[in-house]
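Asks: Mind looking over this structure? Questions follow.
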Amino acid sequence: MPLKKLQEKGFLEKNKLIVKVEVKVVEVVDQGDATGNVIFDYNGFQILSSQVISVSRLFMKHPDVAVNFRLSNQLVKTTYMNILLGLIETLNKPPRSISETELGNARSDLIDLTQAGFKLDWLKKKLNEVSLERKKNADGIRFQELEEQIKNLKAELNKEKVKYAAKFLSLEQTVSDLKDEMNKKRNTISLS
-9 MPLKKLQEKG FLEKNKLIVK VEVKVVEVVD QGDATGNVIF DYNGFQILSS
41 QVISVSRLFM KHPDVAVNFR LSNQLVKTTY MNILLGLIET LNKPPRSISE
91 TELGNARSDL IDLTQAGFKL DWLKKKLNEV SLERKKNADG IRFQELEEQI
141 KNLKAELNKE KVKYAAKFLS LEQTVSDLKD EMNKKRNTIS LS
């Protein structure tokens, strides 16, 4: 396959070929490792086989992400990596689908991960972009709601104007009729 096609299809990142292999199991002989819980060591982190692609992409795009991460307890390291992967997954969702609670949790997770030694300036930037996009969407929705309220109030005001204009005309007609009647009575009295 030509190099250009590999780049277009997203298989090349920084001149490194990314290969995703899918295996179709025809017959299971031994189920020991068939559960998907095979654990790999990747840059000192114990990760599940299902996380290998995500973690390898993470380290390819951000090779210095864990340079300052110095914890030695493997369980704690694994937990931090899982939190980081979850945070990345959350921030890759469309901003509209991220709740305020998720955004708050993402901020807390980012602080915890940064304090643990991860270099996550790029993720902080992404979090700020997502927050801003959500705010823009919320403001846009609020703006539309306010426009709709104004439109409804104008419609109500126009109805009231029509209603009171009709009453005004009716009262004006009544006053005119009363004046005519009074003038007729005056004329009748003055003629007599």
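Counting from -9, one number per residue, gives the positions in the sequence shown under my numbering.
Here a beta-carbon is modelled for each residue, glycine too, at the ideal position from N, C-alpha and C.
Would you mind reading off the limits of the alpha helix (DSSP H) that contains I131?
Replies: Looking at the DSSP string, the run of the alpha helix (DSSP H) that includes I131 is 111 to 181.
Asks: Taking buried to mean at least 16 other C-beta atoms within 10 Å of its own C-beta, is F108 buried or exposed?
Replies: It is buried - the Cβ of F108 has at least 16 other Cβ atoms within 10 Å.
Asks: Could you please give the first and the last residue of the uninterrupted beta strand (DSSP E) stretch that includes L38?
Replies: It spans 35 to 38 - the beta strand (DSSP E) in which L38 sits, taken as one unbroken run.
Asks: Among all the DSSP beta bridges, which residues are the ones paired with D54?
Replies: Looking at the DSSP assignment, D54 forms no beta bridge with any residue, so it has no partner.
Asks: Looking only at its chain, what residues have a beta carbon closer than 6 angstroms to the beta carbon of K(-5), apart from the 5 residues adjacent to it on each side?
Replies: Within the same chain, K(-5) has no close Cβ partners at all.
Asks: Check whether chain D comes within 9 angstroms of F158, counting only Cβ atoms and requiring the distance to be less than that.
Replies: Within the model displayed, chain D is absent; a lone protein chain is all it includes.
Asks: Going by beta carbon distance, what residues of the same chain come within less than 6 angstroms of V57, once the five residues before and after it are set aside?
Replies: Contacts found: none.
Asks: What three-state label does DSSP hand I88 in the structure shown?
Replies: It is coil, neither helix nor strand.
Asks: Pull up the distance between the alpha-carbon of G130 and that of D111, whole angstroms please.
Replies: Near 28 angstroms, if we compare the C-alpha coordinates of D111 and G130.
Asks: With burial defined as no fewer than 16 other Cβ atoms inside 10 Å of the residue's Cβ, what is the status of L117: buried or exposed?
Replies: The residue is buried, with at least 16 neighbouring Cβ atoms inside 10 Å.
Asks: Counting C-beta neighbours from all protein chains within 10 Å, is the total for K67 16 or more, i.e. buried, or is it exposed?
Replies: K67 should be labelled buried.
Asks: For F49 and S39, which I take to be in contact (beta-carbon distance under 8 angstroms), what is that distance rounded to the nearest angstrom?
Replies: Actually they do not touch by this definition, with Cβ atoms about 16 angstroms apart.
Asks: Is L74 buried or exposed, if buried means 16 or more other CB atoms sit within 10 Å of its CB?
Replies: It is buried - the Cβ of L74 has at least 16 other Cβ atoms within 10 Å.
Asks: Just curious, the beta strand (DSSP E) that F59 is in, first and last residue?
Replies: Looking at the DSSP string, F59 is not in any beta strand (DSSP E), and its letter there is neither H nor E.
Asks: Where V18 and N27 are concerned, what is the direct C-alpha to C-alpha distance, given to the nearest angstrom?
Replies: Residue confidence is low: V18 scores 47 on pLDDT, short of 50, so the model does not pin down where it sits. No coordinate-derived value is stated.
Asks: Keeping to the same chain, check which residues put their C-beta closer than 6 angstroms to that of N173; ignore five residues upstream and five downstream.
Replies: The answer is none, since no qualifying residue turns up.
Asks: In chain order, what residues of the same chain have a beta carbon less than 6 angstroms from the beta carbon of Q36, not counting five sequence neighbours either side?
Replies: Cβ neighbours of Q36 beyond the five flanking positions: I29, Q64, T68.
Asks: For K(-6), which of helix, strand or coil comes out of DSSP?
Replies: It is helical.
Asks: Here's the rule I'm using: 16 or more other beta-carbon atoms within 10 Å means buried, otherwise exposed. How should V152 be labelled?
Replies: By the 10 Å Cβ count, V152 comes out exposed.
Asks: Hey, would you say S121 sits closer than 9 angstroms to L93, going by beta carbons?
Replies: The answer is yes: Cβ separation under 9 angstroms.
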